[in-house]
Amino acid sequence: MSSPVRLRFAPSPTGPLHMGGVRTALYNYLFAKKLGGKFILRIEDTDQTRFVPGAEEYIKESLAWCGIKFDEGIDGKGEYGPYRQSERKALYQEYTKTLIDNDWAYYAFDSSEELTSLREQAESAGNVFTYNIESRRRLNNSLTLSDAQVEEKLAAGEAYVIRFKMPEKEEVIFTDLIRGEVQVKTAMLDDKVLFKSDGMPTYHLANIVDDHLMEISHVIRGEEWLPSAPLHVLLYKAFGWEAPAFAHLPIILKPIGKGKLSKRDGDKMGFPVFPIQWNDPNSNEVFSGYREDGYFPDAFINMLALLGWNPGTEQEVFSMEELIDAFSLDRVGKSGSKFDPEKAKWFNQHYLRSKSNAELASLFQDELKKKQIHLESEKLEEVIDLIKERAVFISDFWAQSYFFFLAPSEFNPKVVKKRWKENTPQIINDLHDLFSQAETWEATSLHDLTAAYIEKNELGFGAVMNALRLAIVGDGIGPDLFKIIKFIGRKDTLTRLNYALKTIGSFLR
Ligand code: GLU
Numbered sequence: 001m002s003s004p005v006r007l008r009f010a011p012s013p014t015g016p017l018h019m020g021g022v023r024t025a026l027y028n029y030l031f032a033k034k035l036g037g038k039f040i041l042r043i044e045d046t047d048q049t050r051f052v053p054g055a056e057e058y059i060k061e062s063l064a065w066c067g068i069k070f071d072e073g074i075d076g077k078g079e080y081g082p083y084r085q086s087e088r089k090a091l092y093q094e095y096t097k098t099l100i101d102n103d104w105a106y107y108a109f110d111s112s113e114e115l116t117s118l119r120e121q122a123e124s125a126g127n128v129f130t131y132n133i134e135s136r137r138r139l140n141n142s143l144t145l146s147d148a149q150v151e152e153k154l155a156a157g158e159a160y161v162i163r164f165k166m167p168e169k170e171e172v173i174f175t176d177l178i179r180g181e182v183q184v185k186t187a188m189l190d191d192k193v194l195f196k197s198d199g200m201p202t203y204h205l206a207n208i209v210d211d212h213l214m215e216i217s218h219v220i221r222g223e224e225w226l227p228s229a230p231l232h233v234l235l236y237k238a239f240g241w242e243a244p245a246f247a248h249l250p251i252i253l254k255p256i257g258k259g260k261l262s263k264r265d266g267d268k269m270g271f272p273v274f275p276i277q278w279n280d281p282n283s284n285e286v287f288s289g290y291r292e293d294g295y296f297p298d299a300f301i302n303m304l305a306l307l308g309w310n311p312g313t314e315q316e317v318f319s320m321e322e323l324i325d326a327f328s329l330d331r332v333g334k335s336g337s338k339f340d341p342e343k344a345k346w347f348n349q350h351y352l353r354s355k356s357n358a359e360l361a362s363l364f365q366d367e368l369k370k371k372q373i374h375l376e377s378e379k380l381e382e383v384i385d386l387i388k389e390r391a392v393f394i395s396d397f398w399a400q401s402y403f404f405f406l407a408p409s410e411f412n413p414k415v416v417k418k419r420w421k422e423n424t425p426q427i428i429n430d431l432h433d434l435f436s437q438a439e440t441w442e443a444t445s446l447h448d449l450t451a452a453y454i455e456k457n458e459l460g461f462g463a464v465m466n467a468l469r470l471a472i473v474g475d476g477i478g479p480d481l482f483k484i485i486k487f488i489g490r491k492d493t494l495t496r497l498n499y500a501l502k503t504i505g506s507f508l509r
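Reminder that position 113 of the sequence shown reads as 113 in the working numbering, one-by-one numbering, no gaps.
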C-alpha cells in the first residue's frame, strides 16, 4: 500500500501572506485534495526575533476567505499536533541530540563578535566567509576541541549553537517534481546552524523533524527554498528517514519587466499583492487587499491558480472543484510567471457576470443601505440586470445606477452644452405631455410613442434621445433610457422633465 498523501503549508508568522504565499498554499491544497489526501496548516514560529503580532490570525483569515480549508493544524484539529513549532521545543532538542551522537552535528562556541570579525576580514579581502567543511577546521567547535574542553564549556554554560556537519566530497542528488534531477556537491554547502543559542531550533531542523513526524508526503514550496533542499535531503539521511517528494514553485514576477513581485509593488502600481488588507503593526502602513478592493475570492483563486500552472487546454475559468480535478504538478512551469493586474480584473468581471441577479442585488443592498436607499430586492434585480455587464466590482454599481434611485439635482455642464439646443425645451415639453397621457408604462410602448413623435415632427432620433437622457439622468450615461424611465415610473419621470426645463433653462439664460 502506498503511504497516504499529506501536504502542509508552513508559513512563518513574520508578516502578512503575499499572494505568492497564497498560491503555494493553494497548490498544496489542490494537490492534496486531488489525491484524496490531507492538507495541514503548520505555523513555523521558531524565529522569535521576526515574530509579528497579528500575522498568524491574518494567515488564517486569508486562507478562510480564499476557501482553502485545512484538515489538520493549529486550532486543535488533527492527531499530529501541536502544529505550532514554538509548542514543540522539547522535541527538537531531543532530535538534535541524536544528530550529535551520530556525528552529524557539532557544538560551535564561536561568539557572534568573532564571526562578525571573520566576515569583515573576508570581505576586505574580497571574499565571503562561510562556516563550512574548510573553515570549521580552524574554528572554535567540538570538532577542533577535545571532549574534555567541550564538556567544560557546556558545564560552564558557555553559549553555543549546534551546526550541521556537512559530509565531505559527496554529491547530493534528488528529484524535484517540477525541475527534474538536482545535483549539488557538498563542498558548495555550508554548515548551517540547526539549533540556536536561544534554545530554539532553526527553520531547517524544525521543518525536517516536523515534516517527518507529521508524515508529510510532498513538500510544495517557493523556489527560494530550493538552495536549502540539499541540506534537507542530507538531514533526512542523517536521521535515517525517508525524504518526502519535493516541488519548488517558480516565483511570481512584476507586471512590467523582471524581478519578483514585492510587497510594495502593488500599492505603487495600483493593485493589491495581499489577499486581505494588512495593517502593519510596526510601521503603521496599510497594504491593500483583494478582499477589500472588491474581488470575489473565487476570482482571485482562479487567477492565482493560472499564475504558474496551466491546464493544457484553452479553459480559463475554473471553480475550486474544477481546479482540484485538473491540477497536476507536471503542468507547473519552471520559469517565473508575470502577474497581470488586468487579468485579475477580467476574472472578477467574469465572476460578477456569472452571479445571479439576486445574489448581486443582495451584495449591492449593503451599499445602498449605507446611502439610506431602501428598495425591495426584486426591484433592485431589474436594475442589476441592466448594469451588470458594465461592472467589474460591486462598487462600480453605484456609478452605473444612482439615477435609478435619485433624481438629478444638477446637470453635467459639458453634456448640457452639447445636447441642449434651442428647440430642446419645446421637445421636452411635448414629451412631458406625451408621457403624461401614455396608456401603458412599458419600455417598448414608451419607445414607440417617442419614435412616432420624432417622425411626425421630422426630428433627429439621436438628438431627441440625448436631450431626454440628459433631463432624466442629469448626464450622458446609463443603460437603455426607456428602461430607466419605465423603472422610475410616470410621476418621477414627469417631475424630472419639469425640473430639467426649469433648471437647464435658467442655467443657459
Ligand atoms: N516557514 C517557511 C516559510 O515561511 C516554510 C518553507 C517550507 O515550506 O519548507 O516559507
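The beta carbon of each residue, even a glycine, is placed where N, CA and C say it ideally should be.
Under the rule that 16 or more other beta-carbon atoms within 10 Å means buried, what is residue i, buried or exposed?
i	result
A358	exposed
S262	exposed
R8	buried
M19	buried
V317	exposed
A467	buried
K461	Reading off the sequence, residue 461 comes out as Phe, not Lys. Classification for F461: exposed.
V286	exposed
N282	exposed
W278	buried
P275	buried
I256	exposed
K77	exposed
Q85	buried
R291	buried
L406	exposed
N457	exposed
For residue i, list the residues DSSP reports as bridge partners.
i	result
E223	BP columns for E223 are empty, so no partner.
A105	F164
R8	I40
N141	A108
V233	V233 pairs with nothing; no bridge assigned.
Q183	I173
W309	V332
A247	I220
V286	N279
I484	According to DSSP, which records beta bridges pairwise, I484 is partnered with nothing at all.
F405	Looking at the DSSP assignment, F405 forms no beta bridge with any residue, so it has no partner.
K338	L253
E72	I40
K550	Residue 550 is absent from the structure shown; the chain starts at 1 and stops at 509.
CA-CA distance, residue i and residue j?
i	j	result
K33	D325	9 angstroms
R119	L253	32 angstroms
F70	Q400	40 angstroms
P13	A500	59 angstroms
H83	P201	Note that residue 83 is Tyr in the sequence shown here, rather than His. Each residue's alpha carbon lies about 15 angstroms from the other.
V209	K379	60 angstroms
R137	A299	56 angstroms
F393	G294	6 angstroms
S112	E158	13 angstroms
E114	R50	24 angstroms
D492	A471	12 angstroms
E171	A187	9 angstroms
H218	E389	43 angstroms
G259	L154	46 angstroms
I162	G73	29 angstroms
D448	L459	15 angstroms
E342	I301	15 angstroms
I173	T144	29 angstroms
G333	W241	30 angstroms
R35	V182	Just to set this straight, residue 35 is Leu in the shown sequence, not Arg. Using only the alpha carbons, I get a separation of about 25 angstroms.
E442	F347	35 angstroms
E322	L30	10 angstroms
K421	P408	19 angstroms
T567	A438	Any answer about residue 567 is impossible in this case: the structure gives the chain only from 1 up to 509.
G266	T440	53 angstroms
Which whole-angstrom value describes the C-beta separation of residue i and residue j, a residue pair presumed to lie in contact below a C-beta threshold of 8 angstroms?
i	j	result
F487	F404	6 angstroms
P230	L177	P230 to L177, Cβ: 16 angstroms. No contact.
L26	L304	6 angstroms
L307	R23	6 angstroms
P445	L494	Before going further, note that residue 445 is Ser rather than Pro in the sequence given. At roughly 16 angstroms, the Cβ-Cβ gap does not stay under 8 angstroms, so S445 and L494 are not in contact.
L329	A206	Not really, about 25 angstroms apart at Cβ, beyond 8 angstroms.
| request: Kindly confirm or deny that the region 344-356 and the region 43-63 touch, where touching means at least three C-beta pairs closer than 8 angstroms. | output: The answer is no - the region 43-63 does not touch the region 344-356, with fewer than three Cβ pairs under 8 angstroms.
| request: Inspect the CB distances between the region 58-71 and the region 185-199 and report whether three or more fall short of 8 angstroms. | output: The region 185-199 and the region 58-71 do not touch, with fewer than three beta-carbon pairs separated by less than 8 angstroms.
| Meets three-Cβ-pair contact criterion under 8 angstroms: the region 93-108 and the region 226-240 | Taking a cut-off of 8 angstroms for Cβ pairs, the region 93-108 and the region 226-240 touch, as three or more such pairs fall below it.
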